[in-house]
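Inspection log for the structure reproduced underneath, given as structure tokens.
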Amino acid sequence: MATNPIVARSLDEIAFWSRIMKEHALFLSLGFNLEHKQLVDEAQQFIALFERIEEKLSRFSVNSDLHQVQAFNNEVYQAAAAIWGYKRKVLGLTLRCEIRSNNYPLLVDHISREAAYFANRLKELNEGKLAPTADTVIQENVFFLRIMADHAKFIGHLLDPSERKLVAQAREFSHDFDQLLFQAVDLDSMRPQSETKPILSQFLDQNKVSVASLRDFKKTARELIEACRIKSNIHPLLADHTFREAERFLEIIDLFEASLSRN
Ligand SMILES: [Fe+2]
Ligand SMILES: [Fe+2]
């Protein structure tokens with residue numbers, strides 16, 4: 241039996257992003273204070289929810305029935321939308337200074353954007369859209385480049401200020417990705433893509449080089465943090481989390497390159 245690409249892609253997106261959503265809930269809960277008991281409880285409920293989803297996912301395979309996978313996509317969509325709502329609520333409380341926590345507003349906004357991206361991917365897959373069309377390739381790049389630029393900023397601000405060399409490196413990455421992001425925005429307004437195709441593939445090549453070097457930086461940081469060889473407020477799991485998101489972006493760039501060469 242031939243495997244349905246929508247089934248395979250759905251299971252892959254759920255495997256990657258459910259773990260990410262679960263970890264976001266953990267990071268938020270660790271950033272709250274003792275008086276935020278209710279927000280911590282809610283975070284723990286989301287951890288349990290995404291663990292149940294992971295458990296359910298393990299019972300699916302690439303040979304699973306498309307309709308069952310579509311129903312599962314719907315269910316996970318609800319969970320992603322719910323955690324998005326929770327993150328936006330935390331952001332609002334933070335911006336109105338109704339709570340003071342150790343979660344930066346940009347970090348809360350960032351993880352809510354990732355939840356929205358996940359929910360939207362599931363919706364698109366249920367509409368039969370497998371990979372982004374050529375016209376949305378740039379928008380996906382805008383999304384991921386901004387994510388990478390944010391990561392560099394978080395790392396720079398969560399390292400101990402006395403780790404001067406690493407802080408400076410993180411700042412350079414932040415600048416590099418801000419530039420790439422603006423370049424993507426410029427390219428986005430030069431659509432249709434049919435006219436920008438060779439430029440787009442050159443841009444993807446450029447992105448790949450920068451993402452690979454940021455990924456390596458995150459990998460080194462993760463190893464140093466795990467071995468307690470540098471001073472920071474970065475949870476080892478957060479270091480690994482941002483590393484995995486960079487790897488994900490690299491895989492997506494490869495998918496884009498394959499789809500550009502096809503049409
Ligand atoms: Fe994340
Ligand atoms: Fe992220």
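So for the sequence shown, this note's numbering puts the first residue at 241; every next one is plus one.
Each residue gets a CB set at the ideal place from its N, CA and C atoms; glycine is no exception.
Predicted, not measured: the structure shown is a model, and the values here were computed from it.
Tell me, please, which residues DSSP counts as bridged to Ser-472.
-> Leu-399
Leu-398 versus Leu-297: straight-line alpha-carbon distance, rounded | 34 Å
Compute the Euclidean distance between the alpha carbons of Ala-288 and Val-302, then round it to the nearest angstrom.
-> 25 Å
Is the segment 347 to 358 touching the segment 381 to 391 in the sense that three or more CB pairs, one from each, lie closer than 8 Å?
-> yes
For Leu-370, the three-state DSSP class (helix, strand or coil) | coil
Where does Ser-352 sit, in a helix, a strand or coil, going by DSSP?
-> helix
Going along the chain, which residues of its own chain have a beta-carbon closer than 6 Å to the beta-carbon of His-481, five neighbours each way excluded?
-> Glu-263
Within the same chain, show all residues whose beta-carbon is closer than 6 Å to that of Ala-248, passing over the 5 residues directly before and after it, in chain order.
-> Val-302
Closest by CA to Ser-402, which one among Asn-273, Ser-472, Glu-367, Ala-283?
-> Ser-472
First through last residue of the alpha helix (DSSP H) which encompasses Glu-315 = 306 to 335
Count the other C-beta atoms from every protein chain shown that fall within 10 angstroms of the C-beta of Ser-429, then say buried if there are 16 or more, exposed otherwise.
-> exposed
Taking the alpha carbon of Glu-338 as the point to measure from, which residue in Ala-242, Glu-275, Val-407 has its own alpha carbon closest?
-> Glu-275
Give me the Cα-Cα distance between Ser-501 and His-307, rounded to the nearest whole angstrom.
-> 31 Å
When burial is assigned at 16 or more other CB atoms within 10 Å of the CB, is Asn-342 buried or exposed?
-> exposed
Nearest-angstrom Cα separation, counted from His-415 out to Glu-367 | 37 Å
8 Å CB neighbourhood of Asp-494 in its chain, flanking five on each side removed = none
With DSSP run on the structure shown, which of helix, strand or coil describes Phe-272?
-> coil
Where the beta carbon is closer than 6 Å to any heavy atom of ligand 1, which residues qualify, in chain order?
-> Ile-260, His-264, Ile-351, Glu-354, His-481, Glu-485
Exposed or buried, which one is Thr-243 when buried takes at least 16 other CB atoms within 10 Å?
-> exposed
Exposure of Val-449, with buried meaning 16 or more beta-carbon neighbours within 10 Å = exposed
Flag His-391 as yes when its Cβ comes closer than 8 Å to any non-hydrogen atom of ligand 2, and as no otherwise.
-> yes
Answer yes or no: the CB of Ile-387 versus the heavy atoms of ligand 2, is any distance below 8 Å?
-> yes
Could you spell out where the alpha helix (DSSP H) holding Val-407 opens and where it closes?
-> 404 to 428
Going by beta carbon distance, what residues of the same chain come within less than 6 Å of Asn-381, once the five residues before and after it are set aside?
-> Ala-424
If Leu-362 and Ala-320 are in contact, beta carbons under 8 Å, what's the gap, nearest whole angstrom?
-> 7 Å
Take Ile-474 as the anchor and find which of Ile-492, Gln-442, Val-407 has the nearest alpha-carbon.
-> Val-407
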